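**Student:** Numbering (my numbering), first residue to last: 851 to 966.
Sending over a structure as structure tokens; questions will come in a sec.
Put into structure tokens, the structure is as follows:
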């Protein structure tokens with residue numbers, strides 16, 4: 851059974867940093883593409899960042915380019931999202947996604963609130 855567990859969310863001031871983690875189990879992590887999405891109140895879920903099976907194959911939403919970094923540790927079956935220079939508009943629930951040959955699974959989400 852595929853399981854994704856996000857952690858690392860919280861309250862941070864504008865300009866601050868957070869690192870989200872998504873720990874996985876139930877599938878061969880190195881064969882899956884991993885992504886982060888977010889959903890703000892009253893808005894649709896949107897793509898944030900993705901990393902392919904090859905760790906240097908990354909993609910970002912324009913809104914986070916230069917501020918967020920996605921990276922994976924295949925030895926720990928974990929994907930991370932390093933978020934720097936946070937803005938109030940980054941406030942959302944952040945979700946981890948794993949996409950493989952026969953699955954497309956989501957975590958439960960972790961809340962990130964950027965406020966002074």
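Ideal Cβ placement from N, Cα and C applies to all residues, glycine included.
Because the structure is a prediction, the values reported are computed rather than measured.
May I ask which residues mark the beginning and end of the beta strand (DSSP E) holding residue 894?
**Tutor:** Residue 894 -> no beta strand (DSSP E), and no H or E assigned at all.
**Student:** Looking at the unbroken beta strand (DSSP E) that takes in residue 948, where does it start and where does it end?
**Tutor:** 942 to 949 is the extent of the beta strand (DSSP E) around residue 948.
**Student:** Using CA coordinates, which residue listed in 923, 958 and 868 is at the minimum distance from residue 940?
**Tutor:** Nearest option by C-alpha distance: 868.
**Student:** Tell me the DSSP secondary structure of residue 873 in three-state form.
**Tutor:** In this structure, residue 873 counts as strand in the three-state DSSP scheme.
**Student:** Once DSSP output is grouped into helix, strand and coil, what is the label at residue 938?
**Tutor:** It is helical.
**Student:** Pick out whichever of 854, 966, 873 and 885 has its Cα sitting closest to the Cα of residue 936.
**Tutor:** Checked all of 854, 966, 873 and 885; the closest Cα to residue 936 is 966.
**Student:** Taking all protein chains shown into account, do 16 or more other C-beta atoms lie within 10 angstroms of the C-beta of residue 881, making it buried, or fewer, making it exposed?
**Tutor:** With fewer than 16 Cβ atoms within 10 Å of its Cβ, residue 881 is classed as exposed.
**Student:** Tell me the DSSP bridge mates of residue 909?
**Tutor:** Paired residue(s): 900.
**Student:** Name the two residues that bound the continuous beta strand (DSSP E) containing residue 889.
**Tutor:** Its beta strand (DSSP E) spans residues 883 to 889.
**Student:** Can you grab the Cα-Cα spacing for the pair residue 964 / residue 953, in whole Å?
**Tutor:** Roughly 32 Å between the two C-alpha positions.
**Student:** Quick one, are the C-beta atoms of residue 900 and residue 914 less than 8 Å apart?
**Tutor:** No, the pair does not count as a contact, with Cβ atoms beyond the cut-off.
**Student:** Return helix, strand or coil for residue 880, following the three-state DSSP convention.
**Tutor:** Helix.
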